[in-house]
Amino acid sequence: MTYTLPDLPYAKDALEPHMSAETFEYHHGKHHQAYVNTANDLLPGSGLEDLSLEDAIKKADGKLFNQLGQHYNHSLFWESMTPNGGGKDMPAALAEKIDSDLGGFDKFRDDFIAAGGGQFGSGWVWLVVDNDSGKLEITSTLNAGCPITDNKTPLLVCDVWEHAYYIDYRNARPKFLETFVDELANWENAAARLMDAS
Ligand code: MN3
């Protein structure tokens, strides 16, 4: 297995003014690329060379886990955004599941923003399906943490490392999270992942 940086699913300036081309130049072109390169440097001799990314994450630890987790997390983060995304307008199957499992869109919005804002230091905030209960959950992870190691299927993720928002929002992480939910979230992609999970 050799990992490669996935292309962005839109042009670098497609999410402006909410996320700038400059942010993508650094975040996708440099940060994510570096995780991919380091993963490929560490993989030979790890015993995980022939596994899928998901299976390798479940078995890796230490520095290799960090690179693989960051590769998976960033790949889903790019997919988790779309031009003219966000807001309440989403596929019915996902909206109904948010109503039944998370108390409706407004409560989901508040709880997702609070979970991302409350993550101390670097990390991620997620909308996931718990594979045992089948219910949606909001969860956050530290550093390269990834919910697939906790038997959950990720539907949507927002990066809350400072490098994700510092160019466009400086220190205003809550404003970045509000913009993610209101303007950027790719509900179509989350709904497709929900369908695959169930
Ligand atoms: Mn990042």
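Following our numbering, the numbering of the sequence shown begins with 1018 at its first residue and continues without gaps. No residue lacks a Cβ here, since even glycine has one placed at the ideal position from N, Cα and C.
Excluding the 5 residues flanking residue i on each side, which residues of the same chain have their C-beta closer than 7 Å to its C-beta?
i, result
"P1100", "Y1027, A1031, L1032"
"L1111", "W1204, A1207, A1208, L1211"
"F1041", "L1025, K1029"
"L1172", "L1144, V1145, V1146, A1207, R1210, L1211"
"Y1182", "R1190, F1193"
"V1198", "G1103, R1126, F1129, I1130"
What are the boundary residues of the beta strand (DSSP E) that includes residue i?
i, result
"L1200", "First, the residue type needs correcting, since residue 1200 is Glu and not Leu in the sequence shown. Taken as a continuous stretch (DSSP letters only), E1200 belongs to no beta strand (DSSP E), as it is neither H nor E."
Between residue i and residue j, which are expected to be in contact by the criterion C-beta below 8 Å, what is the C-beta distance as a whole number of angstroms?
i, j, result
"S1157", "G1133", "7 Å"
"F1094", "A1161", "Not a contact, Cβ separation roughly 12 Å."
"I1115", "F1129", "So it is not a contact: roughly 10 Å between Cβ atoms."
"S1097", "P1023", "That belief does not hold up - the Cβ atoms of S1097 and P1023 are roughly 13 Å apart, past 8 Å."
"V1177", "G1120", "Rounded, the Cβ-Cβ distance is 22 Å, inconsistent with contact."
"M1107", "D1067", "M1107 to D1067, Cβ: 38 Å. No contact."
Is any heavy atom of the ligand ZN found at a distance shorter than 6 Å from the C-beta of residue i?
i, result
"W1141", "Questions concerning the ligand ZN fall outside what the structure shown contains, since the ligands it does hold are the ligand MN3."
So does residue i have its beta carbon nearer than 6 Å to some heavy atom of the ligand MN3?
i, result
"A1161", "no"
"A1181", "yes"
"D1176", "yes"
Residues in the same chain with beta-carbon distance under 8 Å from residue i, minus the five sequence neighbours each way, listed in chain order, please.
i, result
"H1088", "Y1020, H1049, Y1052, V1053, A1056, L1070"
"I1074", "F1082, L1085, G1086, Y1089, C1163, I1165, T1166"
Whose C-beta lies closer than 6 Å to the C-beta of residue i among residues of the same chain, with five residues either side of it excluded?
i, result
"D1147", "E1154, K1169"
"G1046", "none"
"H1035", "T1196, E1200, L1201"
"E1039", "I1184"
Which partner residues does residue i have in the DSSP bridge list?
i, result
"W1143", "T1156, V1174"
"H1169", "The sequence shown places Lys at residue 1169, rather than the His named in the question. Bridge partners of K1169: D1147."
"M1098", "A1202"
If you follow the alpha helix (DSSP H) that residue i is part of, which residue opens it and which one closes it?
i, result
"S1117", "1109–1119"
"A1131", "1122–1135"
"D1058", "1050–1059"
"L1022", "No alpha helix (DSSP H) contains L1022, which DSSP labels as neither H nor E."
"L1070", "1070–1076"
"E1066", "Element bounds for E1066: n/a, residue is neither H nor E."
"A1181", "1179–1186"
"E1039", "1038–1043"
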